[in-house]
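Asker:
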Amino acid sequence: MNDYNALKSVTVLVVEDEEFSARFVTRILGKIGVESVITAANGAEALELLESSETPIDLVISDIEMPEMDGFELARRIRYGTVPQYKAVPILMLTGQDTERNVDKARIHKIDGIVGKEKYQFDVWGDTVNTASRMTVPGEPGTVVMTYDSWLQVQDECEGRSLGQVEVKGKGKIELVECYGLR
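Position in the sequence shown counted from 1, then plus 62, gives you the working numbering.
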């Protein structure tokens with residue numbers, strides 16, 4: 063069950079060069095209760111919007127591959143304080159290129175999450191990125207798979223189910239939880 067009222071006051075900046083995809087993400091955000099969505103066609107335009115927006119941005123959702131300035135460069139500039147008030151804004155990357163290289167770059171640029179088309183649907187906070195980059199998770203499309211420790215931090219806001227333990231090279235057995243909706 064979603065708590066639509068909790069997301070009414072959230073403003074999301076969607077950075078996507080393909081109009082269809084931008085509209086699709088905006089529509090999904092609307093379905094979960096987000097009423098304020100601003101869109102940009104690339105990273106350069108997104109930085110301009112962050113600098114000039116009178117409405118505070120609470121979350122950036124960005125494609126990775128875009129002309130002029132890609133999502134990783136946008137994240138790098140945000141994290142290094144190009145627009146100082148957004149240095150710590152949560153950043154979520156969307157990609158159709160499910161590669162370990164993208165996961166590694168997400169960690170380097172301190173991106174808070176990455177959602178892939180098929181394979182990598184997980185959180186990338188802290189040590190989790192090291193774990194996630196070495197495993198294929200059994201999550202369903204449209205869900206987020208995370209470690210049990212990460213789940214404990216968001217369990218009051220999310221609906222989820224245990225996926226059991228998965229053996230991860232260098233880590234041993236790790237309990238995974240699939241988040242499939244907001245409360």
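In this text, a Cβ means the ideal position worked out from N, Cα and C, and glycines have one as well. Here the structure is a predicted model, which means the values were calculated and not measured.
With DSSP run on the structure shown, which of helix, strand or coil describes Thr88?
Answerer: Taking the sequence shown and counting its residues from 1, the one referred to as residue 88 is at position 26. The answer is helix: DSSP assigns Thr88 an H, G or I state.
Asker: Specify whether the stretch 107-117 and the stretch 154-170 touch according to this definition: at least 3 beta carbon pairs, one from each stretch, less than 8 angstroms apart.
Answerer: No contact exists between the stretch 107-117 and the stretch 154-170.
Asker: Thinking just about the alpha-carbon of each residue, which of Lys172, Thr101, Glu229, Met128 is nearest to the one in Leu154?
Answerer: The residue given as residue 154 occupies position 92 in the sequence shown. Of Lys172, Thr101, Glu229, Met128, the residue nearest in Cα terms is Lys172.
Asker: Kindly indicate which three-state DSSP category Val165 falls into: helix, strand or coil?
Answerer: Counting from one through the sequence shown, the residue named residue 165 turns up at place 103. DSSP places Val165 in helix when its eight states are reduced to three.
Asker: Looking at Thr205: is its Cβ nearer than 8 angstroms to the Cβ of Tyr148?
Answerer: Translated into positions along the sequence shown, residue 205 becomes position 143. Translated into positions along the sequence shown, residue 148 becomes position 86. No.
Asker: Apply the 10 Å Cβ neighbour rule to Ser124 and answer buried if 16 or more other Cβ atoms are within range, or exposed otherwise.
Answerer: The sequence position of residue 124 within the sequence shown is 62, counting from 1. Counting Cβ neighbours within 10 Å, Ser124 comes out buried, since at least 16 surround it.
Asker: Under 8 angstroms by Cβ, that's how I've got Asp132 and Gly105 pegged, so tell me the actual separation to the nearest angstrom.
Answerer: Here residue 132 refers to the residue found at position 70 when the sequence shown is read from its first residue. Here residue 105 refers to the residue found at position 43 when the sequence shown is read from its first residue. That belief holds up - the Cβ atoms of Asp132 and Gly105 are roughly 6 angstroms apart, short of 8 angstroms.
Asker: Please classify Lys235: is it buried, with 16 or more other beta-carbons within 10 angstroms of its beta-carbon, or exposed?
Answerer: As a position in the sequence shown, residue 235 is number 173, starting the count at 1. It counts as exposed.
Asker: Just the Cα atoms here: how many angstroms apart are Thr101 and Gly95?
Answerer: Here residue 101 refers to the residue found at position 39 when the sequence shown is read from its first residue. Here residue 95 refers to the residue found at position 33 when the sequence shown is read from its first residue. So the alpha carbons of these two residues sit roughly 17 angstroms apart.
Asker: Which of the three DSSP states is assigned to Asp79 in this structure?
Answerer: Looking up residue 79 in the sequence shown gives position 17. DSSP places Asp79 in coil when its eight states are reduced to three.
Asker: Quick one: Cα of Met128 to Cα of Val87, how far?
Answerer: Translated into positions along the sequence shown, residue 128 becomes position 66. Translated into positions along the sequence shown, residue 87 becomes position 25. So the alpha carbons of these two residues sit roughly 16 angstroms apart.
Asker: Suppose contacts are defined by Cβ-Cβ distances below 8 angstroms. Is Leu214 in contact with Leu225 by that definition?
Answerer: Within the sequence shown, numbered from 1, the residue matching residue 214 stands at position 152. Within the sequence shown, numbered from 1, the residue matching residue 225 stands at position 163. Against a cut-off of 8 angstroms, the Cβ pair of Leu225 and Leu214 comes out as no contact.
Asker: Classify Gln147 as helix, strand or coil using the three-state DSSP reduction.
Answerer: Reading the sequence shown from its first residue, position 85 is the one you call residue 147. The answer is helix: DSSP assigns Gln147 an H, G or I state.
Asker: Could you check which residue in Glu202, Thr144, Ala103, Arg89 has the C-alpha nearest to that of Glu81?
Answerer: Start at 1 with the first residue of the sequence shown, and residue 81 comes out as number 19. Selected option, being the one with the closest Cα: Ala103.
Asker: Have a look at the DSSP bridge pairing and note the partners of Ile100.
Answerer: As a position in the sequence shown, residue 100 is number 38, starting the count at 1. Its beta-bridge partners are Leu75.
Asker: Between the C-alpha atoms of Asp211 and Asp120, what's the straight-line distance to the nearest angstrom?
Answerer: Position 149 of the sequence shown, counting from 1, holds the residue named residue 211. Position 58 of the sequence shown, counting from 1, holds the residue named residue 120. Approximately 24 angstroms between the Cα atoms of the pair.
Asker: Starting from the C-beta of Arg223, find all residues in its chain whose C-beta is less than 8 angstroms away, skip the five residues before and the five after it, and write them out in chain order.
Answerer: By one-based count along the sequence shown, residue 223 stands at place 161. Same-chain partners within the cutoff: Val239, Glu240, Tyr242.
Asker: Glu97: which of Val72, Glu221, Val216, Val77 sits nearest, CA to CA?
Answerer: Taking the sequence shown and counting its residues from 1, the one referred to as residue 97 is at position 35. For the residues Val72, Glu221, Val216, Val77, the minimum Cα distance to Glu97 belongs to Val72.
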